[in-house]
Every structure is written in C-alpha cells, then in structure tokens.
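Below: one structure, written as structure tokens.
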Amino acid sequence: MQKLNGKIVFITGASSGIGEASAFAFAAEGARLLLAARRLERFQELTPKLKDAGAVDVHTFSLDVRNAAQVQSQLDALPEEWKAIDILVNNAGLSRGLEKLHEGKLQDWDEMIDTNVKGLLYVTRAVVPGMVARARGHVVNLGSTAGELTYPNGAVYCGSKAAEHAINDGLRQDLLGTPVRVTSIDPGMVETEFSQVRFHGDKERAAKVYQGLTPLQPSDVADAIVWAATRPAHVNIARVLLTSIDQANSLLFNRKQS
Ligand code: NDP
Ligand code: 8X3
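Start counting the sequence shown at 1303; every next residue gets the next number (the working numbering).
As structure tokens, this is what we get:
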C-alpha cells in the first residue's frame, strides 16, 4: 500500500461535491493539498477544516480549466514547494441542460466540452510532463456511467464522458514504460451540486433527480479515488465503475414511488 502522507495532491474543482470530499479523504491520509476552482472564496472556509482533518498543508488558487493559458500560467506560478505534484485528480466538470440534441443550446455544449474534455486535457498537459521527469505520479480522471451508456437528452454530456474514457485509456498507453499511473473513476448518480448546475440553478428540479432512491455520496467516490491512489506502485487501477445499490446503469434505477 502506498502512503500518502506528505504527497502533493492537486484536485481541480475542489470547491464542491466530489472534489471537496476528495480533499477531505486525502487530508485524512496526511497529504498536502493543492486545490483549485473558480469560486476561490469557498476555500476560505474549507482550508482550516481540511487542516483539522489532517492535511499537512493546503494551497488554493483560482482556476478556470477552460482557459489553457491560465492553466499553464497558474501552474507555472506555483510556489516552488508546491510544484512537484504527485497525484492529479482531474475532477472539474459539469453538465448543462437535459434536452434533445436537435433542441440543445450551443452555449451549454461549449461549456461541457470546454470543461470536461478540453479542460481535462489542458491540466493534464501542464502537469504530466513534471510527473514523467520526476519518475512518479498518478492521474485520476473523473469519468461517469454516462460515458459507458448514453441516456436520452444527455448526448453531449455523455459524449464528454465517453471522451474522458478514450483520453484516460490513451494517456495510460502513452505513459507505458513510465511509473506514472492513470485511473478513471466512473460513478453513477452522486448527490452534489451537479444537478443544480445542470438545471441552471433550479433546485426543485435538481432535487427530483434524487427522489425515491439512495444516490452515492461524494465521500463514496472519494473513497474509491483514495483506494486507487494507495495501491502498491506496480498496480495500476485502470477504471472503477461504481453506483449506488439503486442504480444498475445510466438508464435503470430502483426508484420508490412517493
Ligand atoms: P459539483 O457541481 O458539486 O462540483 C463540480 C466542481 O467542478 C466544482 O468545484 C466547480 O467549481 C468545478 N468546476 C466546474 N467548472 C469548472 C471550471 N471551468 N474550472 C474549474 N473548476 C470548475 O459536481 P460533482 O462533484 O458531482 O462533479 C465533479 C465531477 O464528477 C465532474 O467531472 C462530474 O462530471 C463528475 N461526475 C459527477 C456525478 C454526479 O452524479 N454528481 C457522477 C459521475 C461523474 P467552481 O464552480 O468553483 O469552479
Ligand atoms: C453524472 C451521472 O447519470 O447524472 O455523470 O449523468 S448522470
């Protein structure tokens, strides 16, 4: 088992949901946390809590992963003691809208593809060369059941997560012969701000997504991420697909009538 104490773990989209829960899970392992998101103000409250939870140190910065130049400049500007990233969690992501493809909004598509696909690529491109040079590292990408099986009205989000699968597998192939590991963590429905973001702030509609079933919690996903990161150095977990007991795949749920 790999020890994580003192390791630098960089989590994108750490201001909420799975990213925030992962920060707490890595804190409990005594990691040093490098956290980024656009809503920097959220880190003011989070940082002392993460230190209380065991993080050796916490460094936060604002980042929009859609902006390639900003990704590179923010990582170049890191204090020297934060540059040697050991684990990258490419978590920043979102869905926008739930509509038939031929009725979809171009702005929603751009936001999903720019964040979930291009943003993940920009961060990976900026971080992985250092891992290769230092001969150590682990990239954990957030995929989804949506990338396994497309559901109606979700073609673009599902497509972005199918792209994540291809990128995850391609990166693992390209890093063969180096000690850098690559993992995709693919959850089903997780109760986070995800649905509120999808429905542009409509909390009532978002709540209905989880009605009548028990979804995964962000900490369940964080648990899988830390598990993958703590396997022995010669073990690469390629993919973890996890759902709640009330979900079989993107289309099949055990929803109790209310
Ligand atoms: P949340 O909405 O709770 O969190 C999303 C995080 O991503 C926030 O911290 C947000 O921070 C950040 N983010 C979004 N856009 C950007 C951006 N352009 N630049 C930087 N950070 C950004 O959702 P989840 O925790 O559920 O989602 C996390 C990941 O998990 C996503 O990749 C999602 O696709 C995936 N996932 C979610 C599932 C679910 O059912 N919830 C299931 C399977 C996968 P900020 O707004 O402050 O920038
Ligand atoms: C998030 C899971 O099924 O709500 O990736 O799109 S789903």
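Idealized CB from N, CA, C, for every residue including glycine.
All of these numbers come straight from a predicted model, not from anything done at the bench.
Work out the CA separation of residue j and residue i for me, nearest whole Å.
i     : j     : result
E1382 : T1545 : 39 Å
I1469 : L1390 : 15 Å
V1311 : G1439 : 10 Å
A1379 : S1364 : 12 Å
V1360 : V1373 : 19 Å
N1307 : G1332 : 4 Å
A1530 : Q1304 : 10 Å
V1441 : I1313 : 10 Å
A1370 : A1394 : 14 Å
P1431 : T1516 : 40 Å
One question on the structure: do residue i and residue j come within less than 8 Å of each other, judged by their Cβ atoms?
i     : j     : result
A1535 : A1327 : no
G1490 : L1473 : no
V1358 : R1334 : yes
D1488 : G1449 : yes
R1398 : M1414 : yes
I1320 : L1444 : yes
Is there at least one non-hydrogen atom of ligand 4 closer than 7 Å to the beta-carbon of residue i?
i     : result
T1447 : With respect to ligand 4, the structure offers nothing, as its ligand set consists of ligand 1 and ligand 2.
Flag residue i as yes when its Cβ comes closer than 7 Å to any non-hydrogen atom of ligand 2, and as no otherwise.
i     : result
S1397 : yes
Y1512 : no
A1496 : What sits at residue 1496 in the sequence shown is Phe, not Ala. F1496: yes, Cβ under 7 Å from ligand 2.
G1456 : yes
G1461 : no
G1490 : yes
S1552 : yes
Using DSSP with H/G/I as helix, E/B as strand and the rest coil, what is residue i?
i     : result
I1562 : For the chain, the structure presents residues 1303 to 1560; residue 1562 sits outside this window and is missing.
N1470 : helix
R1368 : coil
L1477 : coil
V1442 : strand
A1329 : helix
Q1549 : strand
N1392 : strand
F1363 : strand
Any heavy atom of ligand 1 closer than 7 Å to the Cβ of residue i?
i     : result
L1390 : no
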